[in-house]
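So the structure is just underneath, and the comments pick up after that.
Rendered as structure tokens:
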């Protein structure tokens with residue numbers, strides 16, 4: 004009897020020494036908080052990397068818009084069969100860029116960033132070539148693109 008009590012006390016002490024992990028319990032709908040600092044610091048680190056990647060992605064979109072083939076600098080103007088002039092160019096919609104960041108499956112020190120954006124073809128119509136260049140442009144086609152980048156903890160994105 005005494006050895007069973009000692010065994011029970013030892014088991015309770017061992018269980019109380021283990022860190023608690025976040026567990027979603029669907030039975031009562033509660034989320035238990037973690038007392039282990041590692042998952043919390045990893046979440047903060049992941050949030051920090053997401054902020055860095057979002058900033059990098061916005062800069063990248065600006066660079067891509069400046070150098071895109073068929074972009075605003077190399078606008079295409081032609082006279083249509085209807086007698087009107089059409090001007091068109093490609094651009095990336097910087098307002099709808101979506102950034103996703105996760106840890107790499109092979110090594111949690113690395114992060115994988117996915118930038119999803121829409122490449123637009125914008126077009127304007129006018130009675131003269133100059134009028135359509137200065138007219139209001141409307142999106143006539145959209146193509147979704149996805150680019151995958153990687154980063155080591157605290158390093159740059161490439």
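Residue numbers (the working numbering): 4 to 161.
Heads up, the beta-carbon is just placed ideally off N, CA and C, and yes, glycines get one too.
{"Check": "Comparing alpha-carbon positions, which option in 72, 61, 92 lies nearest residue 99?", "Outcome": "61"}
{"Check": "Let's see if you can read the secondary structure: which residues bound the beta strand (DSSP E) around residue 107?", "Outcome": "That residue, residue 107, is in no beta strand (DSSP E); it is neither H nor E in DSSP."}
{"Check": "Indicate whether residue 135 and residue 128 have their beta-carbon atoms separated by less than 8 angstroms.", "Outcome": "yes"}
{"Check": "Which same chain residues end up closer than 6 angstroms to residue 2 when comparing Cβ atoms and leaving out the 5 residues on each side of it in sequence?", "Outcome": "The question about residue 2 has no answer here: the residues shown for the chain are numbered 4 through 161."}
{"Check": "Does residue 151 come out as helix, strand or coil in the three-state DSSP assignment?", "Outcome": "strand"}
{"Check": "Within 10 angstroms of the Cβ of residue 9, are there 16 or more other Cβ atoms? Answer buried if so, exposed if not.", "Outcome": "Its pLDDT being 42, under 50, residue 9 is placed unreliably by the model, and the measurement read from it follows with that caveat. The residue in question, residue 9, is exposed, as its Cβ has fewer than 16 Cβ neighbours within 10 Å."}
{"Check": "Using the DSSP secondary-structure output, state which residues sit across from residue 76 in a beta bridge.", "Outcome": "DSSP lists no partner for residue 76."}
{"Check": "For residue 147 versus residue 119, is the C-beta distance shorter than 8 angstroms?", "Outcome": "yes"}
{"Check": "Under DSSP, the beta strand (DSSP E) around residue 133 begins and ends at which residues?", "Outcome": "Where residue 133 is concerned, there is no enclosing beta strand (DSSP E), although the alpha helix (DSSP H) it sits in stretches over 132-137."}
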